[in-house]
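In the numbering used here, the protein residues as written are 13 to 161.
Where a beta carbon is used, it is the ideal one built from N, C-alpha and C, also for glycine.
Reading through the structure tokens given below for one structure.
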């Protein structure tokens, strides 16, 4: 599992090879969703918006008819790696080699993609370029953004 995810993330981030062209993507109606917030598998709702609320890949699958009914033909889901505590949004990556168990398993992610493709819905994964924000800022020469006049 870790090998598959590592290869996927390295391929996407280092060698941008897209199965579709930019013009093909421009023709799609993209629905961006935050996996944890879009469709909760918990019936009680979310009592703490600073933490996970129970959204999963399986729950997204259960709402694909709704998404398709909106006229959407592509979804953009939040980053999938394991996150630090309360990283429900996916942007506090802790382990980029593993799928966040709060969202589901690797097989459930594959099922989501498969179910989307059956409906001609394309799937875009949000990818993190950097895990440690300070190293990322230095590496990308963006440290000046932290200076407030």
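Residue nearest to residue 76 in terms of C-alpha spacing, selected from 106, 126, 57 = Start at 1 with the first residue of the chain shown, and residue 76 comes out as number 64. Minimum Cα distance to residue 76 is reached at 126.
Note to self: Using the Cβ count rule (16 or more neighbours within 10 Å means buried), how would you classify residue 108?
What the structure shows: What you label residue 108 is simply residue 96 of the chain shown in a count that begins at 1. Residue 108 should be labelled buried.
*asked:* According to DSSP, simplified to helix, strand and coil, what is residue 60?
replied: The residue given as residue 60 occupies position 48 in the chain shown. If DSSP states are grouped into helix, strand and coil, residue 60 belongs with coil.
> Just to confirm, are residue 32 and residue 85 a CB contact at a threshold of 8 Å?
Replying inline: Numbered from 1 along the chain shown, position 20 holds the residue referred to as residue 32. Numbered from 1 along the chain shown, position 73 holds the residue referred to as residue 85. Cβ distance not < 8 Å, so residue 32 and residue 85 don't count as in contact.
message = Short of 6 Å in beta carbon distance, which residues of its chain neighbour residue 94, apart from the five on each side in sequence? Order them along the chain.
response = For the purposes of this step, residue 94 is taken as residue 82 along the chain shown, with counting starting at 1. Same-chain partners within the cutoff: 106, 107, 110, 112.
- Given a threshold of 16 other Cβ atoms within 10 Å of its Cβ, counted over all protein chains shown, does residue 96 qualify as buried or as exposed? Start at 1 with the first residue of the chain shown, and residue 96 comes out as number 84. Its Cβ having fewer than 16 others within 10 Å, residue 96 is exposed.
Original post:
Grouping DSSP H, G and I as helix and E and B as strand, with all else coil, what is residue 52?
Top reply: Sequence index remark: in the chain shown, residue 52 carries index 40 (1-based). Residue 52 falls in the strand class under three-state DSSP.
How far does the alpha helix (DSSP H) with residue 100 in it reach, from first residue to last? Position 88 of the chain shown, counted from the first residue, corresponds to residue 100. Here residue 100 belongs to no alpha helix (DSSP H), and DSSP marks it neither H nor E.
Just the C-alpha distance for residue 114 and residue 92, rounded to the nearest angstrom, thanks. What you label residue 114 is simply residue 102 of the chain shown in a count that begins at 1. What you label residue 92 is simply residue 80 of the chain shown in a count that begins at 1. One C-alpha to the other measures close to 10 Å.
Next on the checklist: Helix, strand or coil, according to DSSP, for residue 34 in the structure here?
Outcome noted: What you label residue 34 is simply residue 22 of the chain shown in a count that begins at 1. If DSSP states are grouped into helix, strand and coil, residue 34 belongs with the helices.
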